[in-house]
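So the structure is just underneath, and the comments pick up after that.
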Amino acid sequence: MTWILIVLVLVVAFGPVLWLVPSKRDKRLSNMRSRAREEGLIVEMRRIPKPLPAPEERVSAGGKVREPVIECASYALALARSLKFLPTWRLVRKPATDKPDPFADWQYDQRPKGEGRAYLDPVLAVAEPVLLALPEDVVALEVSQRMLLAYWLEKPGSTADSVSPLATTLRDFAASLGRLDAEIEAARRSDDS
């Protein structure tokens, strides 16, 4: 009886400590995010609108309108040069319902903004190979004036080794956008003189 009581006291005393031990998933995500920091990426948890919500996710049984969102990690790369002349936009991974806008498997979540919309075609030409290179569980890609963001679900197939190719893809895309923005700026300066 004494042994049972001792074991019970030990379980009660050390049980909560076992909850603090990170799971395999926690270790994998920690490794991925550490690798991202080493690659110069900023990782934050963000919510974006769910690309393909089910009808019951849009409206509750009581008729209340819902805004279905998904929580994912944004792997962001700060741009070396702020984009002055290119539009800002966000694409989400979802198949086109009637016509591709702008690609068959990627649709606008935030349409291009700013006067840079006139330069959208060369931007999309540069973006298309980037979209093909992204991991399958990256659900959105955003271009802002100062950052590139890849919204990643970090599903179990993703590992720390998946981060370096993503970082390389984002850096190459950032360099292409920077060159394009600089070309537009140079063309505008020559037109003004």
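Anchor point for the sequence shown: position 171 equals 171 in this note's numbering, and the numbering is continuous, going up by one each time.
Note that the Cβ used here is the ideal one computed from N, Cα and C, for glycine as well.
Every alpha helix (DSSP H) stretch that sits fully inside the region 98–161 and reaches 4 residues is listed by chain position as 120–133.
For the pair Q110 and K94, the CB atoms are not nearer than the 8 angstroms cut-off. Straight-line measurement puts the Cα of V163 at about 11 angstroms from the Cα of L170.
The Cβ-Cβ distance between P122 and L180 falls below 8 angstroms. Within the same chain, and ignoring the five residues on either side of V138 in sequence, the residues whose Cβ sits closer than 8 angstroms to its Cβ are R93, A150, Y151, W152, L153 and L166. When beta bridges are read from the DSSP output, S74 appears opposite E44 and Y151.
For I184 and R81, the gap between their C-alpha atoms comes out near 14 angstroms. The beta-bridge partner set that DSSP reports for P49 consists of V69. Residue environment: S158 is assigned as buried (16 or more neighbouring CB atoms within 10 Å of its CB, all protein chains considered). Measuring C-alpha to C-alpha distances from C72 to each of P87, E44 and V65 identifies E44 as the nearest. Around the beta carbon of E67, a 10 Å sphere encloses fewer than 16 other beta carbons of the protein chains shown; the residue is thus reported as exposed.
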